[in-house]
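4 protein chains.
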Amino acid sequence: MNKNQISRERSKTQITDAAFRMFIERGYHATSLDAIAQEANLTKGSVYFYFGSKEKLALHLFNIIHDEIVCPQVEAIEQTRGSFVDKVVAYIHVGSNAGVHRPHKLLFMIQMSIEFGFQDTPLAEGIRKLYSGLYASIEAAYEQGLRDGTTSFKATPQAVSSMVVAVHDGMMLQYNLRQGEIDGPELVKNVRKMVLSGLNG
Amino acid sequence: MNKNQISRERSKTQITDAAFRMFIERGYHATSLDAIAQEANLTKGSVYFYFGSKEKLALHLFNIIHDEIVCPQVEAIEQTRGSFVDKVVAYIHVGSNAGVHRPHKLLFMIQMSIEFGFQDTPLAEGIRKLYSGLYASIEAAYEQGLRDGTTSFKATPQAVSSMVVAVHDGMMLQYNLRQGEIDGPELVKNVRKMVLSGLNG
Amino acid sequence: MNKNQISRERSKTQITDAAFRMFIERGYHATSLDAIAQEANLTKGSVYFYFGSKEKLALHLFNIIHDEIVCPQVEAIEQTRGSFVDKVVAYIHVGSNAGVHRPHKLLFMIQMSIEFGFQDTPLAEGIRKLYSGLYASIEAAYEQGLRDGTTSFKATPQAVSSMVVAVHDGMMLQYNLRQGEIDGPELVKNVRKMVLSGLNG
Amino acid sequence: MNKNQISRERSKTQITDAAFRMFIERGYHATSLDAIAQEANLTKGSVYFYFGSKEKLALHLFNIIHDEIVCPQVEAIEQTRGSFVDKVVAYIHVGSNAGVHRPHKLLFMIQMSIEFGFQDTPLAEGIRKLYSGLYASIEAAYEQGLRDGTTSFKATPQAVSSMVVAVHDGMMLQYNLRQGEIDGPELVKNVRKMVLSGLNG
DNA sequence: AATGAATGAGTGTTCATTCAT
DNA sequence: TATGAATGAACACTCATTCAT
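Quick note, the sequences are listed as chains A, B, C and D, same order. Residues in the first sequence are numbered from 10 upward in steps of one, following the working numbering. Residues in the second sequence are numbered from 10 upward in steps of one, following the working numbering. Residues in the third sequence are numbered from 10 upward in steps of one, following the working numbering. Residues in the fourth sequence are numbered from 10 upward in steps of one, following the working numbering.
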């Protein structure tokens, strides 16, 4: 990688980092490219040079999230040995880890799923595709659990995956809405406890 | 009520209904007053005549939510006799009822909590006030459960209330994001089952 | 005059008084009919009922000014016996009296002459007509003074009338711009002194 | 100065020139930024690019006036050797020169002093600051004249400065209101004559 | 005599986007 | 690689005006 490529990468990273921060703080629509560019110590022109449009920038963030957040979560589910609940707990842990170390990225995903959830745009499609990977993986794990008898919870796979994601995303949102008020690790611990005996019971 | 008052009420209702619908579909920032006015079969001018500003219109929606959604939820928690879990289940049922009959209002509340959660504006304050009423009521119920021995779940009250709200809001979001894919009542039933044994266990 | 007529007159006076006050404070364009109506303890509708439009309301104010300000000034010039300077001093005294007792009306006239001076609208025409009566009367007095030898100041009548009005209006503006800072009567006294020896010299 | 800077300067000048013209013709409130932009052969967006807001544009015009009009006037007063009346005459000459060569700028200053005089906004503050520099300089000259005996006119310094500015501004307004009707240089000559013997007398 | 609901054109302002350099 | 000038469409908001009552 030559000097040019390095500087390119640095600039792109500056922009995506700034974009994550601003989008979460203010939401997609309320964030101007000017604000992102300023936060990245560059100009609007650069953002266009690298990403072409605001929408494409957001789609690029979706890709990052896919690689850094969703993939590890799916892997956690698929590679954890044990019962379905074990896999769910692993998923929640990976998520809450990301929520602690890269909170902006995880939050951005959840936030976008709400800001665009009911629409019919490329961005809405993009966010739904992220989620459907998660659903599929949870549902597969649940069905596997049913087959090998490690799960006795009776429900449709869709209801189960929705429930798991609901708990996970709801927890992340609460943690961030009440920042300062509540203790993150404690929240995770209790949610795990509830899910554990809840899904086992 | 004379003719004038009737037309007044009708216009205001048209506007608030339209606003709820549009704000949920597109979010607060992405919804123009023109769009709301058109949806309400009126003009922008009328919206200003009745509400004065976009922000005040949204705050008015918060008041409606307070009366129609949050108050019934708080009442359900406070007036249900029995254990803490019984109260939580009552809360979830009221919420899911509202989610079925007035889905836009409940969703609007959740959506706004995310679009404004981290900001410092009158709207952000308004939405946080709605939530803090809920938190307080759940925390009181939990502490009462501890005192009278109907609850053995050990956690800080804040973590408990966050968890409950997380499950509730997360469920509502999932239900709406996967509309058509999943069965609402079944989702509620399963969440109740999980919470029931999860918090009792 | 029956009860109805009395109430009509009172309402019209409330509106014109309010209009004078608001127009001076904020200027014609920056004053809304709503603001005037509120100041008059009536509604916009009433203003339209009585005056038909914002422009017509302003033209009505011009008529009031004609009767209460300009006519007395012209009379003072025409009925004062003595030299041209005596007449000018009489004019200035009537003006400064009006400036003390009905300051808003005189100021409104000056202000409008500037806000509309260079335009070609009914309002601009109206204000110019007010002034041209004044000019004519001063010029006649000056020419009379030249004929009967009571004036030795040599200039075109237009220059003289402009000068007199310039001093008068300029003085009124300064008095109002520096309200509190300067003493009105003293300003008038000094201006009279300057004009007296200046035009006689 | 590179090409960019040149185009920048040209655009800014086009805008400020257009703004001066339009503001005088129609007043501040009655002039839309669209009109200014069109007159400057640019778009509203450009005006915002360079000045940020209508108010800031006007404040920029105030700065120009400070440099091109008020400073020369103050300098004329301070650097003229001789009696107080000599200094006043110098001030009037500088002003009437500006009134001939840059009539729009001087008029703009006077006009704004009336449109905003009684208000409490940044623009009102700005215009008052322009005037207070003038007042101070005239008052200092008058007091110096009293001390060195070159002036025998007895009045408060404030009344004197008000009078001088009144005559100056009133003259400028009259000249412009009666454009075509009266002869500028003759007006100035006569005013000078009046002031000369008036203040000396 | 007076109100208040409703409108529509217009205003200041923002912002994604383009493009020459 | 990156900038900054410029645009145009959209936005929240204002306001003179109309009209049924």
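C-beta atoms are modelled at their ideal positions from N, C-alpha and C, and glycine is treated no differently.
Excluding its 5 nearest sequence neighbours in each direction, Gly91(B) has C-beta neighbours in its own chain below 8 Å: Thr159, listed in chain order. Take the alpha-carbon of Gly193(B) and the one of Asp157(A): they are about 28 Å apart.
Gln128(D) sits in coil when the DSSP states are folded into three classes, being neither helix nor strand. Using a 10 angstroms sphere on the CB of Asp178(B), the tally of other CB atoms reaches 16 or more, which defines it as buried.
At a cut-off of 3 residues, not a single continuous stretch assigned as beta strand (DSSP E) sits fully inside the region 170-194 of chain B.
Among the residues of the region 168-180 of chain A, those with a Cβ less than 8 Å away from any Cβ of chain B are Ala168, Val169, Ser171, Met172, Val174, Ala175, Val176, His177, Asp178, Gly179, Met180, in the order of the chain.
Under a criterion of Cβ atoms nearer than 7 Å, the residues of chain A adjacent to Ala39(B) are, in order, His38. In this structure Val94(A) is in contact with Asn209(A), their Cβ atoms being roughly 6 Å apart against a cut-off of 8 Å. The C-alpha of Met118(A) is placed about 48 Å away from the C-alpha of Asn13(B).
Interface with chain C (8 Å Cβ-Cβ cutoff): Asp192(D) is included.
Considering only beta carbons, the part of the region 137-153 of chain B lying closer than 9 Å to chain A consists of Arg137, Tyr140, Tyr144, in chain order. Three or more pairs of CB atoms, one per stretch, sit closer than 8 Å, so the region 190-204 of chain B contacts the region 99-109 of chain B. Among the residues of chain D, those whose CB is under 9 Å from the CB of Ala164(C) are Glu195, Leu196, Lys198, Asn199, Lys202, following chain order. One alpha carbon belongs to Ala67(C), the other to Ala28(D), and they sit about 27 Å apart.
Assigned with DSSP and collapsed to three states, Asn11(B) falls in coil, not helix or strand. Taking 8 Å as the threshold, the shortest C-beta distance from Gly207(B) to chain A falls below it. In the DSSP annotation of this structure, the continuous segment of the alpha helix (DSSP H) that includes His69(D) starts and ends at 63-74.
Those residues of the region 120-133 of chain A placed with their C-beta closer than 9 Å to a C-beta in chain B are Gln120, Ser122, Ile123, Glu124, Phe125, Gly126, Phe127, Gln128, ordered along the chain.
Along the region 64-79 of chain D, none of the residues has a CB nearer than 9 Å to a CB of chain C. C-alpha of Ile123(D) to C-alpha of Gln183(D): approximately 15 Å in a straight line. For Asp157(C), the three-state secondary structure derived from DSSP is coil. With respect to the C-alpha of Leu132(C), the residue from Ile86(C), Ala168(C), Glu64(C), Asn11(C) having the closest C-alpha is Glu64(C).
Around Val109(D), the same chain offers Gly193 as residues with beta carbons nearer than 8 Å, after the five sequence neighbours per side are excluded. Check the Cα spacing between Glu84(A) and each of Ala150(A), Ser16(A), Leu155(A): the tightest is with Ala150(A). Setting aside the 5 residues that flank it on each side, Asp26(D) is surrounded in the same chain by Ala49, each with a C-beta closer than 8 Å to its C-beta; the list follows chain order.
Rounded to the nearest angstrom, the Cβ distance from Ile33(D) to His113(D) is 5 Å, consistent with a contact under 8 Å.
For His38(A), the three-state secondary structure derived from DSSP is coil. Beyond the five residues adjoining it in sequence on each side, His69(B) comes within less than 8 Å, by CB distance, of Thr25, Phe60 in the same chain, given in chain order. For Ile78(B), the number of other beta carbons within 10 angstroms of its own is at least 16, and it is reported as buried.
Counted as a single uninterrupted DSSP element, the alpha helix (DSSP H) harbouring Phe58(B) occupies residues 53-60. Per DSSP, the continuous alpha helix (DSSP H) segment holding Lys96(D) begins and ends at 93-110. Closer than 8 Å to the CB of Gln82(C) there is not a single CB belonging to chain D. Annotation: Cβ neighbours of Ile33(B) in chain A (cutoff 8 Å, chain order): Phe127. Taking the Cβ atoms as the reference, Leu143(D) lies roughly 6 Å from Gln82(D), within the contact range of under 8 Å. In summary, Ile147(B) is buried, with 16 or more beta-carbon neighbours lying within 10 Å of its beta-carbon over all protein chains present. Met121(B) and Val56(B) have their C-alpha atoms some 20 Å from each other.
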